[in-house]
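Novice:
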Amino acid sequence: MADEPLSAGAVARRLGVAVTTLRTWHQRYGLGPSQHVPGHHRRYTPADLARLEIMRKLTAEGVTPAEAARWAKQSPGVAVRLPAGTGRDGGGQTIPVGRAGPAARGLARAAMRLDAAVIGDTISHALATDGVIATWEGLLRPVLTGIGERHVATAGLIDVEHLMSRCVSEAFAAVARSGRAAGPARILLSCADEEQHTLPLEALAAALAEAGVAYRMLGARVPVAALVEAVNRTGPAAVVVWSHTRLTADPGQLSALLAVPRRPLLVLAAGPGWRADTLPAGVVRPVDLAEAVSLALAVRDSLDQSTGADRA
25 MADEPLSAGA
35 VARRLGVAVT
45 TLRTWHQRYG
55 LGPSQHVPGH
65 HRRYTPADLA
75 RLEIMRKLTA
85 EGVTPAEAAR
95 WAKQSPGVAV
105 RLPAGTGRDG
115 GGQTIPVGRA
125 GPAARGLARA
135 AMRLDAAVIG
145 DTISHALATD
155 GVIATWEGLL
165 RPVLTGIGER
175 HVATAGLIDV
185 EHLMSRCVSE
195 AFAAVARSGR
205 AAGPARILLS
215 CADEEQHTLP
225 LEALAAALAE
235 AGVAYRMLGA
245 RVPVAALVEA
255 VNRTGPAAVV
265 VWSHTRLTAD
275 PGQLSALLAV
285 PRRPLLVLAA
295 GPGWRADTLP
305 AGVVRPVDLA
315 EAVSLALAVR
325 DSLDQSTGAD
335 RA
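Numbering (this note's numbering), first residue to last: 25 to 336.
1. Does the stretch 228-239 come close enough to the stretch 204-215 that 3 or more CB-CB pairs lie under 8 Å?
2. In the structure shown, what three-state DSSP assignment does residue 160 receive?
3. In its own chain, which residues sit with a C-beta less than 7 Å from the C-beta of residue 304, not counting the 5 before and 5 after it?
4. Would you mind sorting residue 138 into buried or exposed? The rule is 16 or more other CB atoms within 10 Å of its CB.
5. Here's the rule I'm using: 16 or more other beta-carbon atoms within 10 Å means buried, otherwise exposed. How should residue 72 be labelled?
6. Apply the 10 Å Cβ neighbour rule to residue 325 and answer buried if 16 or more other Cβ atoms are within range, or exposed otherwise.
7. For residue 59, does the three-state DSSP call read helix, strand or coil?
8. Spatial neighbours of residue 191 within its chain, please: C-beta separation below 8 Å, excluding the five flanking residues on both sides.
9. Could you name the residues of the same chain whose beta carbon sits closer than 8 Å to that of residue 188, not counting the 5 residues immediately before and after it, in chain order?
10. Excluding the 5 residues flanking residue 255 on each side, which residues of the same chain have their C-beta closer than 7 Å to its C-beta?
11. Compare the C-alpha of residue 97 against each of 54, 126 and 131 and name the closest.
12. Can you check DSSP and say which residues form a bridge with residue 252?
13. Helix, strand or coil: how does DSSP classify residue 122 here?
14. For residue 328, is the classification buried or exposed, using 16 other Cβ atoms within 10 angstroms of its Cβ as the cut-off for buried?
15. Identify whether residue 266 lies in helix, strand or coil by the three-state DSSP scheme.
16. Pull up the DSSP beta-bridge partners for residue 225, would you.
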């Protein structure tokens, strides 16, 4: 609920700052939690959060913490006019996240500050609380898309994009390691030839690991000949080929997979690069990460049932 008092960790995630920063603002400037229940930690009220939003905004714009705290202690309902020379509106200094929630806005602010610690903590908390699919759709995709849009508009934020991508990759890799499934790897994940955008494929790998599905990941820029060789060598039940742009979405790559001696039961053309009307017959185009995971689970369950029937 919007008016529910919040813990320091929840406030830090909303604002995109470290918990230690909140403690500093509390100790030095008196901007701390005001609700106190005997026997419990103090909690931040909506009014506390409003003041901290002002504090965060002003310090991000270059106002000294002491001056920002003075402004923040005024009524939260009063509009704050930035001191002359500190405004950065329209200059590409913010990341749009659409209708995404406060966690995404906090993550976007941390990304703009290149604060790897807060970025990593925010992503890890979301993965532990909500799981891979919800974290990808509700938190990471809006921020990554916003960074891309701002880059197109300003030709900047390359440093932000690189740091954010690294933090996301590390978080997904941790999920994949902790949830590594036993048994044969029946799903093969690959980017299309010359495709370098791997984060959505890494999200799928983490979601499969979370669901207990074993897989192999080939990664970026896999030539079709190498992909065909990998399919013939390992005999996967399903192959996922990711394409982010039309430039890398050559349907011939999919046709080659359908013609191999050890043809997969399922070939998925994942990503916005593929056009549905150009896909070879027998290729499925999942609409999102959740559907890709569901299809992979269906293949695994079908094979498990087939194996069990053979043994019986």
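From the three backbone atoms N, C-alpha and C, an ideal C-beta is built for every residue, glycine too.
Specialist: Reading from the atomic positions:
1. yes
2. helix
3. 275, 278, 279 and 282
4. exposed
5. buried
6. exposed
7. strand
8. 140, 143, 144 and 147
9. 135, 143, 167, 168 and 171
10. 212, 263, 281, 284, 286 and 288
11. 54
12. Beta-bridge pairing links residue 252 to no other residue.
13. coil
14. exposed
15. strand
16. None, per the DSSP bridge assignment.
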